[in-house]
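These notes are about the structure you will find just below.
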DNA sequence: GGGCCCGCAGGG
DNA sequence: CCCTGCGGGCCC
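In the numbering used here, the protein residues as written are 619 to 1315.
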């Protein structure tokens, strides 16, 4: 499977997407099924003979033909093998125009998943999940979506398939032919809601113990003690200049490897892959990445424990499972600056750069955090900071960076026992071959690991683990908080008992109303909302994110600006003709039907003791939570906060500084300006505009 | 969105 | 004690 990660075809201009060079005719190999050109020298597995070359299937197509499934009769779910044959037949029919081909292909795809002929859902999860499986397949490869991206016209594809499509110069949706926004063509973003849903579908399919979606907790640190803020000014101006708060985990500052449950007395679960935090300070409180600003946490004689990808260095290159990281330094920080985009001198392997090189030599596990500030990566979170798991530095070197100065470079390859947040895989990493790095040809000071790595894959146990003892900590560990641990254990147990389906459904909640989405829309920035919520939000006013003086995030109404309520990207164009993400909608509806049925059954079992409101599918717990979190509440609390601020506002002191900056805390405007506490209303049975349904004959 | 400013923590 | 640093609020 390793080749799935690294093999890339040539793009529309015949340039290899792996090495960025244009292969000569001899070096070019064309797939017999999809007719895509590939660069032979960049293939991880090359054809052995001339006959193989002529009958060669690219890695993507060979994956499909390796898992053939017999063509099923009408009425049964389409199997991938049958579908691909049918699609190939359409594609090779020269009497059809592109448009007609697309239409036929849609008909094929809609055959069994149309909205009007939902299959009867019978008992058992497997049945439900087989339906979901059919809904969540990529129209290109017919497999369960892998790294799903959603077009504004409401169709979902694997990132790789989509990139390939774009690489061939296509700028229209393969399903409905609607135009793909240029921004999405440049940088398709992964729809994380779909990732979670698909992963659970896979686990259910494999008949594994269905451990619901890992509960990716959003840590808000409401209980951060006041004394964490050491200056008056920091209290008043949010946490920009705050002393960092309490450290919640018991690992020492120089702890290597994952943060385990035993070091998490507060929640007793450790830090899970996919967990997010609002700021670097929160990330630090959970022991994942300690420095407030620096991208590398480490000591030159001890090794580096973690790094953050925040887009601070333009030489960085992110491919998800592997990335090229740039060292620190080389910048002019005079004038009391903390960072500077401009390079002005060469970087050296010293301090934290040396620490990272030591981790490379020793094969230590390095925790990786991605930040929303990294704007050039498909793998960065859309907001907040996210823990993406353990990587190892396989090589490091120096090269001349984009700005012309030498930079330290590090090849990071993922080696975590849990799947990455963007992949639909349900298992973690396996050892994979190193990617081909072109720039190594011009690199200097190349360092590679000589001995065996400290953190490695154990074939017998089937997991990544310490093969050599981790380096001894030079720091004192934090004290635990056992009582809190007990309390949260109970909460965790309760959470685990929740129905898997309800969990799944919860993953499909709208950012605005916090309830399960009705008619979901996926914006070009890959956020999901109810159609009515999003349209309602822009009906004369919109909501923008803002921070209160205490650093809390709130939604604030603002007129005439059409920005995504989640990330503030401009979505005016999208709103002109928003299309429902039909596949996601069907997933939600299937889940709701299942839960309704389960509720009904349990009701019958209990002789109707507990009456549940008609038409409510979501559990009471979820409903309560949604109620607590709804938008109205947020806005009201903001008003209250503003009132409080007005009363308590005073002069903000400043301890030191070369220049007098703007010292006082900026007041919010009068708190009611433009705020409409009315919640956007949801319309349950509204009509959808769906390209697939429209194109049906 | 970019520039300015600066508290803070950790390395050396 | 000085230097470094892929933050984050505020202002324009």
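Think of the CB as a built atom: it goes at the ideal place given N, C-alpha and C, for glycine as much as any other residue. Keep in mind it's a predicted model, so treat the numbers as computed, not measured.
- [ ] Mind checking who residue 916 pairs with in its DSSP beta bridge?
- [x] 922
Task: Residue burial classification, residue 1012 (beta-carbon count within 10 angstroms, cutoff 16) - done: buried
Task: Alpha-carbon spacing of residue 1001 relative to residue 1041, whole angstroms - done: 18 angstroms
Open item on the list: Let me check understanding here. Comparing Cα to Cα, which of 1079, 1085, 1039 and 1149 lies closest to residue 807?
Closed with: 1039
Task: Inter-residue spacing [alpha-carbon to alpha-carbon] between residue 664 and residue 951 - done: 49 angstroms
- [ ] Compare the Cα-Cα distances from residue 943 to each of 1051, 917, 1010 and 892 and report the closest residue.
- [x] 1010
Task: Environment of residue 1058 [buried if 16+ CB atoms lie within 10 Å] - done: exposed
TODO: Indicate whether residue 871 and residue 1093 have their beta-carbon atoms separated by less than 8 angstroms.
DONE: yes
- [ ] Can you grab the Cα-Cα spacing for the pair residue 914 / residue 1197, in whole Å?
- [x] 42 angstroms
- [ ] With DSSP as the reference, label residue 1124 as helix, strand or coil.
- [x] helix
Open item on the list: Taking DSSP's pairing of strands, which residues face residue 1213 in a bridge?
Closed with: Answer is none; residue 1213 lacks a bridge partner.
Task: Collapsed DSSP secondary structure at residue 742 in the structure displayed - done: Confidence at residue 742 is low in this model, with a pLDDT of 45, below 50, so its placement is unreliable and no value can be given for it.
Task: Residue range of the unbroken beta strand (DSSP E) whose run includes residue 1007 - done: 1003 to 1018
TODO: Specify whether the region 958 to 978 and the region 988 to 997 touch according to this definition: at least 3 beta carbon pairs, one from each stretch, less than 8 angstroms apart.
DONE: no
Open item on the list: When you compare the region 1198 to 1208 with the region 1130 to 1139, are there three or more beta-carbon pairs, one atom per stretch, that lie closer than 8 angstroms?
Closed with: yes
- [ ] Have a look at residue 1128 and residue 1201 and give me their C-alpha separation to the nearest angstrom.
- [x] 16 angstroms
TODO: Tell me, to the nearest whole angstrom, how far the beta carbon of residue 816 is from that of residue 769; I am working on the premise that it is less than 8 angstroms.
DONE: Rounded, the Cβ-Cβ distance is 17 angstroms, inconsistent with contact.
Open item on the list: Please report the straight-line C-alpha distance between residue 896 and residue 809, rounded to a whole angstrom.
Closed with: 19 angstroms
Open item on the list: Taking 7 angstroms as the limit between beta carbons, can you name the residues of its chain near residue 980, skipping five residues before and five after?
Closed with: 921 and 1072
Task: Bounding residues of the beta strand (DSSP E) (the contiguous stretch that carries residue 1140) - done: 1138 to 1140
Open item on the list: Which residues does DSSP list as the beta-bridge partners of residue 1024?
Closed with: 1018
Open item on the list: Let me confirm a value: residue 818 is counted as buried when at least 16 other C-beta atoms fall within 10 Å, else exposed. Which label applies?
Closed with: buried
- [ ] Would you list the one or two residues that DSSP bridges to residue 941?
- [x] 936 and 1030
TODO: Could you have a look at residue 655 and say whether DSSP puts it in helix, strand or coil?
DONE: strand
Task: Cut-off 6 angstroms between Cβ atoms - residues of its own chain near residue 1028, not counting five sequence neighbours on either side - done: 943, 974, 1011 and 1014
TODO: Output yes or no for whether 8 angstroms exceeds the beta carbon distance between residue 986 and residue 1030.
DONE: yes
Task: First and last residue of the uninterrupted alpha helix (DSSP H) at residue 1151 - done: 1149 to 1155
TODO: State the start and end residues of the unbroken alpha helix (DSSP H) segment that holds residue 780.
DONE: 777 to 785
Open item on the list: Which same chain residues end up closer than 8 angstroms to residue 1395 when comparing Cβ atoms and leaving out the 5 residues on each side of it in sequence?
Closed with: With the chain covering 619 to 1315 only, the question about residue 1395 has no answer from this structure.
- [ ] Indicate, with yes or no, if the ligand ZN has a heavy atom lying under 7 angstroms from the CB of residue 1017.
- [x] By its list of ligands, the structure shown contains no ligand whatsoever, and the ligand ZN lies outside what it can speak to.
Open item on the list: Given a cut-off of 8 angstroms on the beta-carbon distance, is the pair residue 1025 and residue 948 in contact?
Closed with: yes
Task: Closest Cα partner of residue 1144 within the set 1047, 774 and 779 - done: 774
Open item on the list: Can you tell me which residues form a DSSP beta bridge with residue 1076?
Closed with: 1081
Open item on the list: On the criterion of 16 or more Cβ atoms from any shown chain inside 10 Å, does residue 638 qualify as buried, or is it exposed?
Closed with: exposed
Open item on the list: Residues in the same chain with beta-carbon distance under 8 angstroms from residue 1017, minus the five sequence neighbours each way, listed in chain order, please.
Closed with: 1024, 1025, 1027, 1057, 1060, 1061 and 1062
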